[in-house]
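Taking the UniProt record's numbering as reference, the numbering of the sequence shown is continuous, increasing by one, and the terminal residue is 404.
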Amino acid sequence: MSSVVDIAELSRRADFPAIPDGWHYLDTAATAQKPQAVIDAIAQAYGRDYATVHRGVYRRSADMTIAYEAARQRVARFLGARSADEVVFVRGATEAINLVAQTWGVANLKPGDRILLSQLEHHSNIVPWQLIQERTGVAIDVCPLTADGCIDLDAAEAMLTDRHKLVALAHVSNVLGSVLDARRATELAHRVGARILIDGCQAVPRIGADVAAIGCDFYVFSGHKLYGPTGIGVLWAKAELLDAMPPYQGGGSMIDRVTFAKTTWAPAPQRFEAGTPNIVGALGLHAAIDYVESIGLPFIHAHEAALVRKARAALSGINSVRLFGPEDAAGIVSFAIEGVHPHDIGTILDEDGVAIRAGHHCAQPLMEHLDVPATARASFGIYNDDDDVAALARGIERVTRIFG
Ligand code: PMP
Numbered sequence: 001m002s003s004v005v006d007i008a009e010l011s012r013r014a015d016f017p018a019i020p021d022g023w024h025y026l027d028t029a030a031t032a033q034k035p036q037a038v039i040d041a042i043a044q045a046y047g048r049d050y051a052t053v054h055r056g057v058y059r060r061s062a063d064m065t066i067a068y069e070a071a072r073q074r075v076a077r078f079l080g081a082r083s084a085d086e087v088v089f090v091r092g093a094t095e096a097i098n099l100v101a102q103t104w105g106v107a108n109l110k111p112g113d114r115i116l117l118s119q120l121e122h123h124s125n126i127v128p129w130q131l132i133q134e135r136t137g138v139a140i141d142v143c144p145l146t147a148d149g150c151i152d153l154d155a156a157e158a159m160l161t162d163r164h165k166l167v168a169l170a171h172v173s174n175v176l177g178s179v180l181d182a183r184r185a186t187e188l189a190h191r192v193g194a195r196i197l198i199d200g201c202q203a204v205p206r207i208g209a210d211v212a213a214i215g216c217d218f219y220v221f222s223g224h225k226l227y228g229p230t231g232i233g234v235l236w237a238k239a240e241l242l243d244a245m246p247p248y249q250g251g252g253s254m255i256d257r258v259t260f261a262k263t264t265w266a267p268a269p270q271r272f273e274a275g276t277p278n279i280v281g282a283l284g285l286h287a288a289i290d291y292v293e294s295i296g297l298p299f300i301h302a303h304e305a306a307l308v309r310k311a312r313a314a315l316s317g318i319n320s321v322r323l324f325g326p327e328d329a330a331g332i333v334s335f336a337i338e339g340v341h342p343h344d345i346g347t348i349l350d351e352d353g354v355a356i357r358a359g360h361h362c363a364q365p366l367m368e369h370l371d372v373p374a375t376a377r378a379s380f381g382i383y384n385d386d387d388d389v390a391a392l393a394r395g396i397e398r399v400t401r402i403f404g
């Protein structure tokens, strides 16, 4: 899958109406563009089939409920979950992690307990645990990285003790593209009796995830990075954990019976979905998963890996460029240019129709580790091809000429 011909064949730009000719979208790690199939599913849901779910006694609402629950089934199959009851719809990965922290975390963590995170985590897998640290007195440890920017699982093994109750790690780094050996991380956590949460935001659209094969306890991701809509995401958790977790938010749909004397909760996953859910978001996510699987994650991964190799090769030929992350990164390349702020790189590239991200990428502890205030980041998706890599390289050469 690494030849130019294969890549050209795989590029699916024609499926994405918001990517005009001559525009090089290299910010998929922030959010993916949407294929027509997803746009159509959303338009159809609002324009033809729309009604509420779970409450209506009329046919349209019953049909919408079936479609909403079919989306849950689709997510379960996509993740290799045992049951759709293990899938909770949330706004995104951020809400999923906050949900676990504020329900499972508050119920299970106490002073003396420890959590292991890593140096490369996104703020959404750091700050919720710090909020819980204030409420529960749990201590937070930080696993270091290897020289090429992977979570150092040998170090994790040495750090973990039976006081650790949770390990929470990114499956793929949103800055470096480095891939976690999620199965080994899970074994290490379980060996000391800790639970493990895996942040799959960048993994799900690039390498996929099989929660049964990994053996993890919690897995989270956002729909919008998987070519689906914003405002919908997934918390997957083992049924026995979800069943034992207290509610997250109170309101309609999450109850069994409400009286002023005592209210009882609905079973999971409804217990965690208070209020009218993002009905159309779930349907859009269903369409996105169908779209991604119609192409196949092994192909997508090979396609992005080839683009990463080419981008790294092109950029490493430019003297002042410093590349971060491993050679075999999943779809993401971060870099810096000596003496040039990443925001200037981004602005100059934009003049050439090349859209990259510049900043700390919601990973300030990682920036500190890399000893830079920010990086420039190019991230690929299934619509990118060699032309995008060439435009990136041309743009970077122009930046180095401008800054002399
Ligand atoms: N984790 C990682 C690794 C991410 O890349 C992101 C999004 N940049 C998040 C968590 C948070 O996702 P969201 O903003 O969709 O909740």
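Glycine included, C-beta positions come from ideal geometry on N, C-alpha and C.
CB of residue i within 9 Å of CB of residue j, strictly
i       : j       : result
Leu-99  : Val-88  : yes
Leu-120 : Val-167 : no
Ala-287 : Ala-81  : no
Gly-177 : Val-280 : no
Phe-335 : Ala-376 : yes
Ala-170 : Leu-160 : no
Arg-92  : Ser-222 : This sequence places Gly at residue 92; Arg is not what is there. A contact, by the Cβ cut-off of 9 Å.
Leu-197 : Asn-125 : yes
Gln-36  : Asp-49  : no
Leu-285 : Ala-29  : no
Val-90  : Gly-275 : no
His-343 : Gly-353 : no
Leu-297 : Trp-104 : no
Arg-74  : Asp-290 : yes
Leu-235 : Lys-165 : no
Limits of the unbroken alpha helix (DSSP H) element including residue i
i       : result
Arg-357 : No alpha helix (DSSP H) holds Arg-357; the beta strand (DSSP E) holding it covers 357-359.
Asp-181 : Run containing Asp-181: none; DSSP gives neither H nor E here.
Ser-316 : 297-316
Ala-171 : Rather than Ala, the amino acid found at residue 171 in this sequence is His. Element bounds for His-171: n/a, residue is neither H nor E.
Phe-380 : Where Phe-380 is concerned, there is no enclosing alpha helix (DSSP H), given that its DSSP letter is neither H nor E.
Trp-129 : 127-136
Ala-237 : From DSSP, Ala-237 is part of no alpha helix (DSSP H) but of the beta strand (DSSP E) over 233-237.
Limits of the beta strand (DSSP E) - the one that residue i falls within
i       : result
Ile-140 : 139-143
Val-220 : 218-222
Ile-337 : 332-337
Ala-374 : Taken as a continuous stretch (DSSP letters only), Ala-374 belongs to no beta strand (DSSP E), as it is neither H nor E.
Val-321 : 321-324
Thr-264 : 263-265
Phe-89  : 87-90
Rounded C-alpha distance that separates residue i from residue j
i           : j       : result
Ala-83      : Ile-115 : Residue identity check: residue 83 is Ser in the sequence provided, not Ala. One C-alpha to the other measures close to 28 Å.
Ala-203     : Gly-325 : 15 Å
Ile-255     : Arg-55  : 13 Å
Ala-107     : Gly-252 : 23 Å
Val-138     : His-341 : 38 Å
Gly-208     : Asp-199 : 12 Å
Asp-388     : Lys-225 : 19 Å
Ser-61      : Ala-51  : 5 Å
Val-399     : Ile-345 : 6 Å
Cys-362     : Asp-113 : 26 Å
Pro-246     : His-301 : 38 Å
Ile-356     : His-24  : 9 Å
residue 405 : Leu-323 : Residue 405 is absent from the structure shown; the chain starts at 1 and stops at 404.
Leu-26      : Leu-79  : 26 Å
Val-4       : Phe-299 : Any reading at Val-4 must be qualified, since the residue scores a pLDDT of 43, below 50, and its modelled position is unreliable; no value is offered.
Cys-150     : Ile-66  : 42 Å
Gly-317     : Pro-144 : 29 Å
Ala-76      : Pro-229 : 18 Å
Val-211     : Arg-401 : 48 Å
Asp-386     : Ile-337 : 22 Å
Met-64      : Ala-96  : 24 Å
residue 423 : Asp-350 : This structure does not reach residue 423, given that the chain is present from 1 up to 404, and the question cannot be answered.
Cβ-based burial, residue i [other Cβ within 10 Å; buried from 16]
i       : result
Ala-378 : buried
Ala-18  : exposed
Leu-131 : exposed
Asn-319 : exposed
Val-292 : buried
Ser-294 : exposed
Arg-271 : buried
Thr-263 : exposed
Thr-347 : exposed
His-122 : buried
Tyr-227 : buried
Ala-147 : exposed
Arg-12  : buried
Ala-261 : exposed
Glu-327 : exposed
Proximity test, residue i beta-carbon vs ligand 2 heavy atom, cut-off 8 Å
i       : result
Lys-225 : Within the structure as shown, ligand 2 is missing, the only ligands being ligand 1.
is_contact[residue i, chain B] using C-beta, thresh 9 Å
i       : result
Ile-356 : This model lacks chain B altogether, as it is built from one protein chain only.
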